[in-house]
Amino acid sequence: MVIERIDEQLPGAILDRHAFRGDQTIVVDRAALLGVVDFIYREGFQQLMDVTAVDGGQRDPRFDVVYHFLNLTSQERLRLKVRVADQESVPSLTGRFKSADWAEREVADLFGIPFDGHPDPRRLIMWEDYPGHPLRKDYPLDGGDAFCSQDIGASYAPDARSLNG
Amino acid sequence: MAELNVETPRTSDADRMIVNMGPSHPVTHGTLHIVLELEGEVIVKATPQIGYLHRGVEKLGENLTYQQFIPLTDRLNYCSSLMNNVGYTLAVEKLLGIQDPPRSRVLRVLCSELARIGDHLVCIGINAVDIGAFTAFLYLFKERETIYDLFEMMAGQRLHSSFTRIGGLFRDIPPEFVPLCEQFLESCPRAVDEMERLLTHNPIWADRTKGVGAIAPENAINWGYTGPCLRAAGVAQDLRVAQPYLDYETYDFDVPVGTTGDVYDRYLVRTEEMRQSLRIVRQCLDKLKEIGPGPVIVDDYKIALPPKEKVYTRMESLIHHFKLIMHGIDMPVGEVYSATEAANGELGFYLVSDGTKAPYRIHVRPPCFPIFSSFDEQVKGRLIADAVSILGAMNIIAGELDR
Amino acid sequence: MAAINLDDSVMTTRLDAVVNWARKNSLWPLPFGTACCAIEFMSMMASRYDFSRFGAEALRFSPRQSDMLLVLGTITNKQAPILRQVYAQMAEPKWVVSVGVCASSGGMYRTYATLQGIDRVVPVDVYVPGCPPRPESIIFGAMQLQKKIEKETLMARREHIEQFYASMDRQEKLQLERGLTNYQVVREMVLAAGENGEQKIW
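Protein chains in written order, with the working numbering: chain W, 1 to 165; chain C, 166 to 568; chain R, 569 to 770.
Okay, here's the thing in structure tokens:
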């Protein structure tokens, strides 16, 4: 398993690991991210499928930045997570993976997580002077638009927003 | 070209010209905006700007139940909506740790492959229209209308079928479906042949597409290419074979692979994939006959709604119905990433559940997002007309690009 | 001198009637396709439904040369200023058909990103419901528009056209004053209209 080899090569880099329904997840120290990514790249995880983030709400540190890697030879998948607090930055993977370019810009835009060393850190989805980061949990779904709340359908789960805190 | 009042970078270089392609432009599929910096007719730099169709689907998903998200998946890649339904329900089923009944699995494969054919028909047809060949589009759309008819029979809607449910399907196919599908299996290869006669050896088509947008396999992998665009570059990666789901390993089909990754190869790969998909549809119909009638949704009323006749006549079923509608499915706490081979490439759903009825986080990994991010590298140093054919062959669907 | 019989060669009618007859039978559509409805629009133009039968086959992608703006699909807040720009660039006469629920009311997307109906930012003549509407529905919408054109007087639309251009001036002024992008200006105008209980910004 690649995870054991990471542990051997870079002791202390993996803070936590778990598996659920066959998906392997490792939580990696923010400072060791580039080292781990370099290592798994050499191990064959050459495709960075996706970069996204999860807002933990009140949790500390607040955000999980989630990377999905695919090994095209062995068809293994690996999920890598980095925990960051609000306003804390993550090292950019654009030096290694070109696919990280837009994916990181999207996360930076919608979650407000800065990426260190990104060559083009403009917003991707929303426009330049858009206030706020919409996918954060404290951002309202309607974005303050009064038209959204008019005759809202009953099928919308009314308590879901408070459940998600 | 519609030049719009959007901020354009100014340059003092007198030879350099800025052309805005989009956001309202005939060849921008959906709504894209590409700022092209030209020297004469050669593209020096292309800056795609996206987000014009960002509808907040992921945020909306956090406020809906798992079942309610299915109609939103239709509207991601609206050229092949059924495949998105299948991909999403497979992700939720992975989260739940369940499997749908065998008949439903065959039907899911059947409708996925029909949707794949439909998607490729649109992609090739529109790519040809953009380049200037209108005739192929008309021939191909005739077949697509038959696919619409088949979907309408299945789900009651032409485009946004919302056919799958968590644990199975909305309903079984009607008896009229099989004869029409057989008819389609006869007429579609003829239309594909006809299209090939119009395009494959057409010197204009070859001039406009051969060598345009070529990409090396290592580069394509690094950019996160998947699907026909990656296979055209020579990497035989197809999730249906590599990481089989829905018993794809029991079907007999080939994975076409290109050599250069240019627009012409992408076209050939898509054409061959349509033929292979037709083979799979044929096998699906045989399998359906073999399996015979049976349930198309799991028999677990904590996941799937009980049939209506039971709801109206039995107390227990009524309670199940009520519980499922009001409280949703009891989800385990955890996170899954499930990927399927959609028409454009790997369509992934990343679900994070906190045990409540609504997903804590729902993220879609659209196949054309990483592909489109390589647009600048693809068109650099080429003519403006090549940008149009490259854009068409990437098959950008704004709905899934921006979500 | 023999009386000249003019009955066969002269017809008297109102100017409106002649002009409207000509206008309704040669609508030049501008497909402003953004999402799923644009796929149904393709079906409508293709072999089976053949929209050419209604004298509206000459698709023009330039706003200057068209007079029926078909808004096909979701208009997001980022797209709203572009839609306004396209509408402003169209020459008179011009009509807008809002195809699909997303364009008509925001549809299922009641979110921060989606404009809750294009009638908040541009005048709309015909709404076509459906998600997406069938090609028949879009054709029916175009036929309803033809009926509407038939009954119109030449001056009838003057008021809302003037209102619209006044709102474009307001938008421009606000943009210069505040130094914002056009996206943000339109967004703030929509938000302000919602708070003040107004239905539209034009």
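C-beta atoms are modelled at their ideal positions from N, C-alpha and C, and glycine is treated no differently.
Query: CB-CB under 7 Å to residue 132(W), same chain, minus the five flanking residues each way: which ones, in chain order?; Result: 139
Query: In whole angstroms, give me the CA-to-CA distance for residue 564(C) and residue 234(C).; Result: 15 Å
Query: Could you work out which residue in 664(R), 609(R), 660(R), 617(R) is closest to residue 243(C) when comparing CA atoms only?; Result: 609(R)
Query: Using 8 Å as the threshold, is the region 483-498 of chain C in touch with the region 455-473 of chain C, meaning 3 or more CB pairs across them?; Result: yes
Query: Residue 100(W): which of 116(W), 30(W), 75(W) sits nearest, CA to CA?; Result: 116(W)
Query: Buried or exposed for residue 255(C), please, with buried defined as at least 16 other CB atoms from any protein chain shown within 10 angstroms of its CB.; Result: buried
Query: Please name the residue or residues paired with residue 50(W) in a DSSP beta bridge.; Result: 68(W)
Query: By the 7 Å beta-carbon criterion, what residues does the region 636-655 of chain R contribute toward chain C?; Result: 642, 644, 646, 647, 650, 653, 654
Query: Leaving out the 5 sequence neighbours to the left and right, which residues in its chain are closer than 7 Å to residue 674(R) when beta-carbon positions are compared?; Result: 682, 683, 684, 685
Query: State the DSSP-derived secondary structure class of residue 695(R), mapped to helix, strand or coil.; Result: strand
Query: What residues in the region 118-145 of chain W have a beta carbon less than 9 Å from any beta carbon of chain R?; Result: 125, 126, 127, 128, 129, 130, 131, 132, 134, 139, 140, 141, 142, 143, 144, 145
Query: Should the region 547-558 of chain C be regarded as contacting the region 368-388 of chain C, the criterion being three or more beta carbon pairs within less than 8 Å?; Result: yes
Query: Can you list the beta strand (DSSP E) stretches of 3 or more residues lying completely in the region 472-559 of chain C, in chain order?; Result: 499-507, 510-518, 526-530
Query: Pairing CB atoms from the region 35-51 of chain W with CB atoms from the region 77-95 of chain W, are three or more of them under 8 Å?; Result: yes
Query: With a cut-off of 8 Å, does the C-beta of residue 700(R) fall near any C-beta of chain C?; Result: yes
Query: Considering only C-alpha positions, which residue in the set 216(C), 210(C), 207(C), 268(C) is nearest to residue 198(C)?; Result: 216(C)
Query: Can you tell me whether residue 504(C) is buried or exposed? The criterion is at least 16 other CB atoms within 10 Å of its CB, across all chains shown.; Result: buried
Query: Do residue 85(W) and residue 60(W) have their C-beta atoms within less than 8 Å of each other?; Result: yes
Query: Please state whether DSSP places residue 588(R) in a helix, a strand or coil.; Result: helix
Query: Name, please, each residue of chain C whose Cβ falls closer than 7 Å to the Cβ of residue 47(W).; Result: 386, 389
Query: With distances taken between CB atoms, is the gap from residue 105(W) to residue 121(W) smaller than 8 Å?; Result: yes
Query: Buried or exposed: which applies to residue 514(C), given that a residue is buried once 16 or more other Cβ atoms fall within 10 Å of its Cβ?; Result: buried
Query: With DSSP run on the structure shown, which of helix, strand or coil describes residue 412(C)?; Result: coil
Query: Please go through the same chain and pick out, in chain order, the residues whose beta-carbon is closer than 8 Å to the beta-carbon of residue 396(C), but skip the five residues on each side of it.; Result: 402, 403, 420, 421, 422, 423, 434
Query: Whose Cβ in chain C lies nearer than 8 Å to the Cβ of residue 20(W)?; Result: 499, 500, 501
Query: Pick helix, strand or coil for residue 388(C), following the three-state DSSP scheme.; Result: coil
Query: For residue 212(C), which beta-bridge partners are listed by DSSP?; Result: 200(C)
Query: Grab me the residues of residue 124(W)'s own chain with a C-beta within less than 7 Å of its C-beta, minus the 5 sequence neighbours each way, in chain order.; Result: 102, 105, 106, 109
Query: Which runs of the beta strand (DSSP E) fall wholly inside the region 606-631 of chain R and span at least 3 residues, in chain order?; Result: none
Query: With a 10 Å radius around its C-beta and 16 neighbouring C-beta atoms as the bar for buried, classify residue 643(R) as buried or exposed.; Result: buried
Query: Among residues of its own chain, excluding the 5 on either side of residue 545(C), which ones have a beta-carbon nearer than 8 Å to its beta-carbon?; Result: 208, 209, 210, 211
Query: Using only CA atoms, which one of 40(W), 24(W), 15(W) lies nearest to residue 31(W)?; Result: 15(W)
Query: Please list the residues of the region 605-622 of chain R that have a C-beta atom closer than 8 Å to any C-beta atom in chain A, keeping them in chain order.; Result: No chain A appears in this structure, whose protein chains are W, C and R.
Query: In angstroms with no decimal places, state the Cα-to-Cα distance between residue 89(W) and residue 51(W).; Result: 15 Å
Query: I want to check one thing, is the minimum distance from the CB of residue 226(C) to the heavy atoms of the ligand NAD below 7 Å?; Result: The ligand NAD is not part of this structure, which contains no ligands at all.
Query: So with Cβ pairs under 8 Å, would you call residue 99(W) a contact of chain C?; Result: yes
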